[in-house]
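Enquirer:
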Amino acid sequence: MSEQESVWYYTQHGERKGPVTLDVLRGAIEHVKIDRQKDLIWGPGLSDWVTMDKVPELQGLAAGPPPVAPAGPPEITASAKVEPPAPIAPTESPPSPPASGIASAPKPADAPASANPYESPASLEDDTALADAMAARRVGESSTGMGRLAYFLWSLLINVAGVMVVFSIAGRYKTLVDETGVREDGLVVGVLATILVLGILGLVVSLSRLKNLSMSRWNFLWSFVPFANIWLGFRMIACPPGYAQHKKLDVPGKVMLVLFVVYILFCIATPVLFSGASYYKEAADKAQQQIEEQQHAKEGESD
Numbered sequence: 013m014s015e016q017e018s019v020w021y022y023t024q025h026g027e028r029k030g031p032v033t034l035d036v037l038r039g040a041i042e043h044v045k046i047d048r049q050k051d052l053i054w055g056p057g058l059s060d061w062v063t064m065d066k067v068p069e070l071q072g073l074a075a076g077p078p079p080v081a082p083a084g085p086p087e088i089t090a091s092a093k094v095e096p097p098a099p100i101a102p103t104e105s106p107p108s109p110p111a112s113g114i115a116s117a118p119k120p121a122d123a124p125a126s127a128n129p130y131e132s133p134a135s136l137e138d139d140t141a142l143a144d145a146m147a148a149r150r151v152g153e154s155s156t157g158m159g160r161l162a163y164f165l166w167s168l169l170i171n172v173a174g175v176m177v178v179f180s181i182a183g184r185y186k187t188l189v190d191e192t193g194v195r196e197d198g199l200v201v202g203v204l205a206t207i208l209v210l211g212i213l214g215l216v217v218s219l220s221r222l223k224n225l226s227m228s229r230w231n232f233l234w235s236f237v238p239f240a241n242i243w244l245g246f247r248m249i250a251c252p253p254g255y256a257q258h259k260k261l262d263v264p265g266k267v268m269l270v271l272f273v274v275y276i277l278f279c280i281a282t283p284v285l286f287s288g289a290s291y292y293k294e295a296a297d298k299a300q301q302q303i304e305e306q307q308h309a310k311e312g313e314s315d
């Protein structure tokens, strides 16, 4: 069998093609219809499917299509007969191409459909996560310690109660001793017991608030350290639940921060103003006294 009549097979995009003649196979290679690195070829003299570089008959082929010379219209004669090409009968059946040569590309997985075609799956997950976070925060306000508002109200109530009890007893101390016959040391013990009860209640409230902030309850000891108690007071008044973990202030916390700073400045400015006013009054009285002494001295000299 000549080269023109030999039977060849090849793979293209994972599918087996053929039988074709050697010229047809060469033309497919030159027109870049066959991948020189991936597609496989089988023909006479080959025991298995191989790549093009291992076939001697296909060496030296150009990588692109050969130039085509322009030609005029063909001459058609009445005596010309057009006969279809005879089918090529394979002399032997080729082996099955290897699985790597005919493996098809895996189909991409279908994306899950959502209820809203214009909404991405990521946005759905973000909305769910946001809803869960908000729900956890609402639960945290009530179930994991005392929130800001409850702490503020309880602290206000304890302080007001303590001031009222102490001042009421101190203001009516003499009357209570005379009317009830209670000894003076008994009233002192009563005042100390009231302060102790209110102090224990304040400790419980503070520890609950520290739990809400995700802070160690030992931080309560900072209440007895100057300047550190200001830092602790700000956290307990203004910071949202779990502040020790996320370190983020919400809008109410920022408002409370401003009010807290104003309060601290007021506490600092008040004694300074009172001290300045007292010093000014003393200086004015002293100056007035000197003026009066000078006037008296002049009157004595004139007499």
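The opening position of the sequence shown corresponds to residue 13 in the working numbering, with each subsequent residue numbered one higher. Quick reminder that beta carbons are idealized off the backbone N, C-alpha and C, glycines included. Because the structure is a prediction, the values reported are computed rather than measured.
#1: In this structure, does DSSP put T206 in helix, strand or coil?
#2: Would DSSP call K293 helix, strand or coil?
#3: Excluding the 5 residues flanking M158 on each side, which residues of the same chain have their C-beta closer than 6 Å to its C-beta?
#4: Could you compute how far the alpha carbon of A40 sits from the alpha carbon of P68?
#5: Counting only runs of 4+ residues fully inside the stretch 224–280, write out the alpha helix (DSSP H) ranges in chain order.
#6: Look at the alpha carbon of M176 and the alpha carbon of L161, and state the distance between them as a whole number of angstroms.
#7: Taking its Cβ as the centre, do 16 or more other Cβ atoms sit within 10 Å of G30, making it buried, or is it exposed?
#8: Would I303 be called buried (16 or more neighbouring beta carbons within 10 Å of its own) or exposed?
#9: Using 8 Å as the Cβ pair cut-off and three pairs as the minimum, do the stretch 253–264 and the stretch 164–173 touch?
#10: For Y22, which residues does DSSP report across the bridge?
#11: CA-CA distance, V293 and V274?
#12: For V62, write down the residues that DSSP places opposite it in a beta bridge.
#13: Going by beta carbon distance, what residues of the same chain come within less than 8 Å of C251, once the five residues before and after it are set aside?
#14: Can you tell me the Cα-Cα spacing of V216 and F272, whole angstroms?
#15: Smallest Cα separation from T33: which of G26, A256, Y21, H25?
#16: Alpha carbon to alpha carbon, what distance is there between M268 and L165?
#17: Please state whether DSSP places T282 in a helix, a strand or coil.
#18: Please look up how many angstroms separate the CB atoms of N231 and L213, rounded, as I've assumed it's under 8 Å.
#19: Tell me which residue opens and which closes the alpha helix (DSSP H) that G39 is part of.
#20: Tell me, to the nearest whole angstrom, how far the beta carbon of I46 is from that of Q24; I am working on the premise that it is less than 8 Å.
#21: Exposed or buried, which one is S218 when buried takes at least 16 other CB atoms within 10 Å?
#22: In angstroms with no decimal places, state the Cα-to-Cα distance between I242 and C279.
Expert: Straight from the coordinates:
#1: Stepping through the sequence shown from its first residue, residue 206 is reached at position 194. Of the three classes helix, strand and coil, the one that applies to T206 here is helix, per DSSP.
#2: Start at 1 with the first residue of the sequence shown, and residue 293 comes out as number 281. Correct three-state label for K293: helix.
#3: On the sequence shown, residue 158 is found 146 positions in, with the first residue counted as 1. Only S220, R221, N224 meet the Cβ criterion.
#4: Here residue 40 refers to the residue found at position 28 when the sequence shown is read from its first residue. Here residue 68 refers to the residue found at position 56 when the sequence shown is read from its first residue. About 16 Å.
#5: 240–250, 255–258
#6: Taking the first residue of the sequence shown as position 1, residue 176 is located at position 164. Taking the first residue of the sequence shown as position 1, residue 161 is located at position 149. The straight-line gap from Cα to Cα measures roughly 22 Å.
#7: The residue you call residue 30 lines up with position 18 of the sequence shown. Burial call: buried.
#8: Along the sequence shown, read from residue 1 onward, the residue named residue 303 stands at position 291. It is exposed - the Cβ of I303 has fewer than 16 other Cβ atoms within 10 Å.
#9: no
#10: Position 10 of the sequence shown, counted from the first residue, corresponds to residue 22. According to DSSP, Y22 bridges with K29, I53.
#11: Taking the first residue of the sequence shown as 1, we reach residue 293 at position 281. Taking the first residue of the sequence shown as 1, we reach residue 274 at position 262. Going by the sequence as given, residue 293 is Lys instead of Val. When rounded, the distance between both Cα atoms is 28 Å.
#12: Against the sequence shown, residue 62 aligns to sequence position 50. In the DSSP output, where bridge partners are listed per residue, V62 has I53.
#13: Counted from its first residue, the sequence shown places residue 251 at position 239. Excluding its 5 nearest sequence neighbours in each direction, C251 has C-beta neighbours in its own chain below 8 Å: R160, L225, L261, G265, listed in chain order.
#14: Here residue 216 refers to the residue found at position 204 when the sequence shown is read from its first residue. Here residue 272 refers to the residue found at position 260 when the sequence shown is read from its first residue. Approximately 23 Å between the Cα atoms of the pair.
#15: Start at 1 with the first residue of the sequence shown, and residue 33 comes out as number 21. With distances taken between Cα atoms, T33 lies closest to Y21.
#16: Counting from one through the sequence shown, the residue named residue 165 turns up at place 153. Counting from one through the sequence shown, the residue named residue 268 turns up at place 256. If I take the Cα positions, the gap works out to 14 Å.
#17: Within the sequence shown, residue 282 is the residue found at index 270, counting from 1. Residue state, collapsed to three classes: helix.
#18: Position 219 of the sequence shown, counted from the first residue, corresponds to residue 231. Position 201 of the sequence shown, counted from the first residue, corresponds to residue 213. Contact doesn't hold; Cβ gap of about 19 Å is too wide.
#19: In the sequence shown, counting from the first residue as 1, residue 39 sits at position 27. That run of the alpha helix (DSSP H) goes 34–42.
#20: By one-based count along the sequence shown, residue 46 stands at place 34. By one-based count along the sequence shown, residue 24 stands at place 12. Rounded, the Cβ-Cβ distance is 6 Å, consistent with contact.
#21: Locating residue 218 in the sequence shown gives position 206, where the first residue counts as 1. By the neighbour-count rule (16 or more Cβ atoms within 10 Å), S218 is buried.
#22: On the sequence shown, residue 242 is found 230 positions in, with the first residue counted as 1. On the sequence shown, residue 279 is found 267 positions in, with the first residue counted as 1. Taking the straight line from one Cα to the other gives about 12 Å.
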